[in-house]
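So the sequence shown is residues 14 to 274, counted in our numbering.
Glycine residues also receive a C-beta, built at the ideal position from the N, C-alpha and C atoms.
In what follows, a single structure is set out as structure tokens and then discussed.
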Amino acid sequence: MIATLAITTLVLWLLIAEPLLGRRSHRRMLQALDRREPHARRRFYLQWIWQGWLLVAITALVACGAAGWTGAELGLRWPAGSSDMPLGVIAGMGVSMLAGALIAAVAAKRAAAGRKRTPPPVAGGQAVLRMLPRTRDERWAFAALAVTAGVGEEFVWRGFGLAVLQHVWPALHPAIYVVLLAVPFGWAHLYQGWSGVLVTGVVGAVMAGLYLASGSLLMPVLLHVLIDLRALLVKLPPDTPEASPDALSTAADAAPLSRDR
């Protein structure tokens with residue numbers, strides 16, 4: 014009874030509270046940037062980092078302490094092949110996604126060198142573009158946030174998420190597990206707008222496929238961290254009064270950046 018209550022409470026938090034609180038926190042950061050508060054991005058990066066690790070700790074406590082699940086059941090093991098999901102195909106999709114993200118980042122960096130006032134396109138438009146780092150301190154904090162998101166989101170949304178699904182519906186086809194893991198992961202990134210939700214959901218599907226194919230969170234974690242770190246390849250100009258949401262409203266959609274809260 015205690016385990017069921019704890020798992021249900023955590024699942025409801027992830028499905029309802031996380032998206033709404035994430036959007037609220039993101040809006041607070043944008044408001045702080047509009048007020049020209051010093052070190053606003055870095056402050057929110059650090060806040061999201063400790064919140065992310067707190068969620069990991071709570072998830073581990075619920076999964077291992079209350080439910081009694083093992084680390085292997087949560088994906089904490091070395092990769093091994095699966096007959097249900099072809100690892101080579103899924104890995105190829107993951108590598109292709111990473112290569113595409115890197116190519117897009119390098120192209121955006123070169124374009125920015127010739128058009129310093131034109132921001133690179135990102136999924137979620139301004140919702141994501143304005144949270145990307147500008148200064149050296151922000152970049153270091155953002156790198157730590159990328160590692161936190163890569164480890165934390167994979168453990169919570171893929172490791173814990175799949176364990177819950179397999180205990181509730183143990184006989185589903187792997188493709189259905191992928192969908193059921195991808196949709197709430199995209200929804201959790203509501204702060205990015207609907208385009209960000211869609212693209213992040215697709216990324217979540219690839220991560221879920223990698224996890225199911227390998228039985229391990231190692232490959233999804235590495236890919237997730239690298240995809241998030243790609244933002245460091247693009248050097249954005251420092252904040253100026255001209256770099257306001259109105260002045261930067263032409264941003265389009267591309268690869269996403271994950272964030273917890």
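Need the endpoints of the alpha helix (DSSP H) that residue i sits in, please.
i, result
"residue 51", "Here residue 51 belongs to no alpha helix (DSSP H), and DSSP marks it neither H nor E."
"residue 241", "231-242"
"residue 151", "149-166"
"residue 88", "From DSSP, residue 88 is part of no alpha helix (DSSP H); its letter is neither H nor E."
"residue 196", "187-200"
"residue 224", "206-227"
"residue 18", "15-25"
"residue 177", "174-181"
"residue 75", "That residue, residue 75, is in no alpha helix (DSSP H); it is neither H nor E in DSSP."
"residue 140", "139-142"
Would you decide whether residue i is buried or exposed? Buried here means 16 or more other CB atoms lie within 10 Å of its CB.
i, result
"residue 29", "exposed"
"residue 273", "Residue placement at residue 273 is flagged as unreliable, the pLDDT there being 48, under the threshold of 50; the coordinate-derived value follows with that caveat. Answer is buried; the Cβ neighbour count reaches 16."
"residue 85", "exposed"
"residue 166", "buried"
"residue 149", "exposed"
"residue 181", "exposed"
"residue 243", "buried"
"residue 70", "exposed"
"residue 63", "exposed"
"residue 209", "buried"
"residue 205", "buried"
"residue 189", "exposed"
"residue 194", "buried"
"residue 83", "exposed"
"residue 201", "buried"
"residue 213", "buried"
"residue 183", "exposed"
"residue 186", "exposed"
"residue 18", "exposed"
"residue 27", "buried"
Thinking C-alpha only, which one of the options is nearest residue i?
i, options, result
"residue 68", "150, 170, 226, 45", "170"
"residue 33", "62, 197, 252", "197"
"residue 175", "200, 251, 24", "24"
"residue 229", "211, 203, 186, 164", "164"
"residue 14", "79, 212, 245", "79"
"residue 61", "49, 207, 41", "41"
"residue 247", "207, 193, 152", "152"
"residue 140", "36, 227, 188", "36"
"residue 2", "177, 213, 183, 205", "Look at the range of the chain in this structure, 14 to 274, and you will see that residue 2 is not part of it."
"residue 31", "190, 216, 232, 199", "199"
"residue 192", "219, 227, 44", "219"
"residue 16", "39, 38, 75", "75"
"residue 20", "232, 49, 77, 48", "77"
Pop quiz: residue i and residue j are said to be a contact at Cβ under 8 Å. What is the actual Cβ separation, rounded to whole angstroms?
i, j, result
"residue 236", "residue 223", "7 Å"
"residue 239", "residue 172", "Between residue 172 and residue 239 the Cβ distance is about 19 Å, and since that is not below 8 Å, they are no contact."
"residue 58", "residue 158", "5 Å"
"residue 65", "residue 161", "4 Å"
"residue 72", "residue 155", "The pair is not a contact, with the Cβ atoms about 23 Å apart (cut-off 8 Å)."
"residue 252", "residue 43", "Contact doesn't hold; Cβ gap of about 12 Å is too wide."
Discussion item. Between the segment 212-232 and the segment 77-94, can you find at least three pairs of beta-carbon atoms closer than 8 Å?
Written reply: At 8 Å Cβ cutoff, the stretches touch.
Worksheet entry | Stretch-stretch touch, CB-based, cutoff 8 Å, three pairs: the segment 44-55 with the segment 142-158 | With a cut-off of 8 Å, the segment 142-158 and the segment 44-55 count as touching, because enough Cβ pairs lie within range.
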